[in-house]
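A.B. asks: One rule links them: number in the working numbering = place in the sequence shown (from 1) + 15.
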Amino acid sequence: MKITGAKRWFIVILCALLSGVMVYVTFLRYSYYDQMVVLFTQYKPVVSVDYVNEFIGDFGLVYGVVSMVGYIFGGIFADRFKEKWLIILGGLVMGLCSFWFGIVPGRTSIMIIHFLYGVGTSFLIWSAYLKLTRKMGDENEQGRLFSTSEFVRGIFGTVIGFVGVGLLSKATLASGDMDPAAVGAQWRMLLFISGGLFLLFTLLVFIFVPADVIGAEEGDDAKKEQAAFSMKNIAAVLKLPGTWLISALIFFCYSFTSAGSGYLGAYTTSVLGISATQASLFAIIRNYIIAAIMTFLIGFISDKIGSKSKTLGIYLMVSSILCVALIVTKSVVVLCIAVSFAFAIVYSGMRGIYFATLGEVGIPLKYTGIATGVISALCYLPDVYFAKLAGSWIDKFGNKGYDYIWMWAIGCGILGVIVALITTRYAKRLKAEENRAG
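#1: How big is the Cα-Cα spacing for residue 236 and residue 245?
#2: Between residue 48 and residue 23, what straight-line distance do the alpha-carbon atoms span, to the nearest angstrom?
#3: Count the other CB atoms within 10 Å of the CB of residue 359; is the residue buried (16 or more) or exposed (fewer)?
#4: Taking DSSP as the reference, what is the three-state secondary structure of residue 403?
#5: Which residue from 316, 135 and 84 puts its Cα closest to that of residue 330?
#6: Kindly identify the DSSP beta-bridge partner or partners of residue 187.
#7: Which residues does DSSP pair with residue 229 in a beta bridge?
#8: Assuming contact is defined by CB atoms lying nearer than 8 Å, are residue 264 and residue 431 in contact in what I supplied?
#9: Suppose the cutoff is 7 Å on Cβ atoms and the five residues either side in sequence are ignored; what does the same chain contact list for residue 28 look like?
#10: Taking just the CA atoms, how far does residue 395 sit from residue 454?
#11: Report the residue ranges of all beta strand (DSSP E) runs contained in full by the region 356 to 414; include only those spanning at least 3 residues, in chain order.
#12: Taking buried to mean at least 16 other C-beta atoms within 10 Å of its own C-beta, is residue 63 buried or exposed?
#13: In whole angstroms, what is the alpha-carbon distance linking residue 82 and residue 129?
#14: I need the DSSP call for residue 59, collapsed to helix, strand or coil.
#15: Let's see if you can read the secondary structure: which residues bound the alpha helix (DSSP H) around residue 52?
#16: Can we count residue 430 as close to the ligand MG, meaning its CB is less than 7 Å from some heavy atom?
#17: Could you have a look at residue 216 and say whether DSSP puts it in helix, strand or coil?
#18: To the nearest angstrom, how far is the alpha carbon of residue 320 from that of residue 328?
#19: Got a sec? Which residues, its chain only, sit under 7 Å from residue 46 by beta carbon, not counting five neighbours each side?
#20: Enumerate in chain order the residues of its own chain whose CB-to-CB distance from residue 338 is below 6 Å, with the five nearest sequence positions on each side excluded.
#21: Under a three-way DSSP split, which group does residue 264 fall into?
#22: Can you give the beta carbon distance from residue 70 to residue 206, rounded, assuming they're within the 8 Å contact cut?
#23: Nearest to residue 215 by CA position, among 39, 106 and 405, is which residue?
#24: Nearest to residue 355 by alpha carbon, out of 127, 283 and 80?
#25: Decide if residue 72 is buried, meaning its Cβ has at least 16 other Cβ atoms within 10 Å, or exposed.
#26: How many Å lie between residue 78 and residue 68 at the Cα?
#27: Go to residue 81, then tell me how far its alpha helix (DSSP H) extends in each direction, as first and last residue.
#28: Relative to the alpha-carbon of residue 90, which residue among 290, 353, 249 and 287 has its alpha-carbon at the smallest distance?
#29: Among the residues of its own chain, which have a CB less than 7 Å from the CB of residue 80, if the five just before and after it don't count?
#30: Less than 8 Å between the beta carbons of residue 117 and residue 257, yes or no?
#31: Ignore the nearest five residues each way along the sequence and tell me which others in residue 119's own chain have a CB closer than 7 Å to its CB.
#32: Locate the alpha helix (DSSP H) running through residue 122, then write down its first and last residues.
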C-alpha cells in the first residue's frame, strides 16, 4: 500500500528511533571510551591495560568486517523481502545482544556480540530502513526525509546518551577516579535500558508498519517494477557510475565521523586533560545534540546550494581545515575544545544527506536496496579497519597517536573534495541530458 499524510512521517520517525538505538549501542566507545577501559581492565579483567585500546579496536573490527559483507546482502534482502520483517528480526537480535553485553561477559563473548550486532545492523535493518525512508517521499523530498530521520536519531541519541552519562557518572569518586564495581553496575543498567528500547520499537514496527509499502514515486503495480535479486540487477547497479562516485564520496565523509566521533572524547581526556565525565558529556553534545541539529539543517542547506554532492564537498573542505586546527591548538585547551565543537558541527552534519544523493546521480528507486547495500559495504569500510588502526597508534605512540588520526582524516578530506567535484559535474551532466530528453 502507498502511505500518505501524517502516517508517512510517523513511520520515518519510528524507524529513525529504532536505528538511533542501533547506532548508539554499536558505537558506545564513541561516548564512553574511558569508562570502557575501566570496565574491561578493572571491573572484569577481560584484557590487560597494555592491550585495552587495541581490544576496543578489535571488536570494532569484528563489527566492521561483518557489516561490510552484510551491507551487500542487506541490500539484496531489502529488495527480496519485506522491509517490515527485516527490521523486526534485526530489532530482536540487537535487543537480545544488548542484554548480553550488559553483563560484561568474557573476551570471546564480546566479540560474538559485536558479530551479531553486525548481523542485526547490516544484514537486517540498515538497507530496509533506508529503502522504507526513501519510499515515503518523491525525489524533491529526499533531502528533507533523510535529514529529518537523522535529526530524530540525533535527538533520541541525545536523550539516551545523557541517560548513559548520568548513570556512569555515579561511578566517579570524589577524587575523580572511577569505582570499577559501580561502572559495571551502571553499565548493566544502561545496556538493559537499550535492550528494552529495541524490543519496544520492534513491537511498534510490528503494529504500525504495513507489510507491503509502495513508494511515493511508484505506480500501484510497483511490485512488478521492483528489481528482484539477480546477478543481472547487481551488474546493472555496479555499471552505474553513480554507485562508485557516491561510495567514494560517503567513504571520505564517514572517515571524518570515524575519527571525530571515535576519538575526540579520548583526545580531550588524554591530551587536553579534562575528566572522563566531562569528556562523555562533551561527546554526547557533539555526537547527538550537534549532530541532530546539523543533520536536520543540511537538508535545507543542500537545497539552497542546489546540489547534495557539492554540499558534501564544501563540508569536507571545512572539516579538513578544522582537523589542522585541532593539531595546532592542542596547547591551548579552551581554544582546542572550541575547535572540537566546530569540527563536530561540520562532520556530523554530512551524514544527513549521505543517501539523499542517490537520485542526483541517477540511481533508480527500483535499485535502492541493491545500491544501498553495495554503497554501504564500500563507504563504511572505516568500520573495518580504523578502530584497530587508531587503537594501535595510541597504544604504540601515546598521545602522538592522535596527531596521526587527524592527519589521516585530513588526507581523506582532500581526496573527498576531489571526488565531490567529479560527482557534482556528473550529476549536472545527467540533469542536462534529462532536460534535453524532455
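The C-beta atom is built at its ideal place from N, Cα and C for all residues, glycine as well. Being a predicted model, the structure only gives us computed values, none of them experimental.
C.D. replies: In this structure, then:
#1: Residue mapping note: residue 236 aligns to position 221 of the sequence shown, counting from 1. Residue mapping note: residue 245 aligns to position 230 of the sequence shown, counting from 1. Residue placement at residue 236 is poorly supported in this model, since its pLDDT is 48, which falls under 50; the coordinates are not used for a value here.
#2: Here the question's residue 48 lines up with position 33 in the sequence shown. Here the question's residue 23 lines up with position 8 in the sequence shown. If you take the alpha carbons of residue 48 and residue 23, they lie about 37 Å apart.
#3: For the purposes of this step, residue 359 is taken as the residue at position 344 of the sequence shown. Result: buried.
#4: The residue labelled residue 403 in the question sits at position 388 within the sequence shown. It is helical.
#5: The count along the sequence shown starts at 1 and reaches residue 330 at position 315. Checking every option, the nearest Cα to that of residue 330 belongs to 316.
#6: Counting from one through the sequence shown, the residue named residue 187 turns up at place 172. Answer is 193.
#7: Counted from its first residue, the sequence shown places residue 229 at position 214. DSSP, once it has assigned bridges, lists 17 as partnering residue 229.
#8: Taking the first residue of the sequence shown as position 1, residue 264 is located at position 249. Taking the first residue of the sequence shown as position 1, residue 431 is located at position 416. Yes, these two residues count as a Cβ contact at 8 Å.
#9: Taking the sequence shown and counting its residues from 1, one reaches residue 28 at position 13. Closer than 7 Å at the Cβ level, and outside the excluded window around residue 28, lie 167.
#10: Only positions 16 to 453 of the chain appear in the structure, and residue 454 is not among them; the question remains open.
#11: none
#12: To locate residue 63, count along the sequence shown from 1; it is residue 48. Burial call: exposed.
#13: Position 67 of the sequence shown holds residue 82. Position 114 of the sequence shown holds residue 129. Going from the Cα of residue 82 to the Cα of residue 129 covers about 10 Å.
#14: What you label residue 59 is simply residue 44 of the sequence shown in a count that begins at 1. Correct three-state label for residue 59: coil.
#15: To locate residue 52, count along the sequence shown from 1; it is residue 37. Start and end: 48 to 53.
#16: For the structure depicted, the ligand MG is absent and the ligand set is empty, with no information on it obtainable.
#17: If you number the sequence shown from 1, residue 216 lands on position 201. Note: residue 216 maps to helix in three-state DSSP.
#18: The residue you call residue 320 lines up with position 305 of the sequence shown. The residue you call residue 328 lines up with position 313 of the sequence shown. Cα-Cα distance, rounded: 11 Å.
#19: Locating residue 46 in the sequence shown gives position 31, counting from the first residue. Here the set comprises 176, 179, 280, 295, 298, 299 and 302.
#20: Translated into positions along the sequence shown, residue 338 becomes position 323. Excluding positions up to five away in sequence, the list reads 421, 424 and 425.
#21: Within the sequence shown, the letter at position 249 stands for residue 264. Helix at residue 264.
#22: Working through the sequence shown from its first residue, we reach residue 70 at position 55. Working through the sequence shown from its first residue, we reach residue 206 at position 191. Contact doesn't hold; Cβ gap of about 18 Å is too wide.
#23: Indexing the sequence shown from 1 puts residue 215 at position 200. Nearest C-alpha to residue 215: 106.
#24: Taking the sequence shown and counting its residues from 1, the one referred to as residue 355 is at position 340. Considering only alpha carbons, the answer is 283.
#25: Locating residue 72 in the sequence shown gives position 57, where the first residue counts as 1. It is buried - the Cβ of residue 72 has at least 16 other Cβ atoms within 10 Å.
#26: Taking the first residue of the sequence shown as 1, we reach residue 78 at position 63. Taking the first residue of the sequence shown as 1, we reach residue 68 at position 53. Using only the alpha carbons, I get a separation of about 16 Å.
#27: Looking up residue 81 in the sequence shown gives position 66. Note, residue 81: alpha helix (DSSP H), 67 to 95.
#28: Position 75 of the sequence shown, counted from the first residue, corresponds to residue 90. With distances taken between Cα atoms, residue 90 lies closest to 249.
#29: Sequence index remark: in the sequence shown, residue 80 carries index 65 (1-based). So the qualifying residues of the chain are 399.
#30: Start at 1 with the first residue of the sequence shown, and residue 117 comes out as number 102. Start at 1 with the first residue of the sequence shown, and residue 257 comes out as number 242. Taking 8 Å as the Cβ cut-off, residue 117 and residue 257 do not qualify as a contacting pair.
#31: Looking up residue 119 in the sequence shown gives position 104. Same-chain partners within the cutoff: 54, 58, 59, 199 and 202.
#32: Against the sequence shown, residue 122 aligns to sequence position 107. Note, residue 122: alpha helix (DSSP H), 122 to 133.
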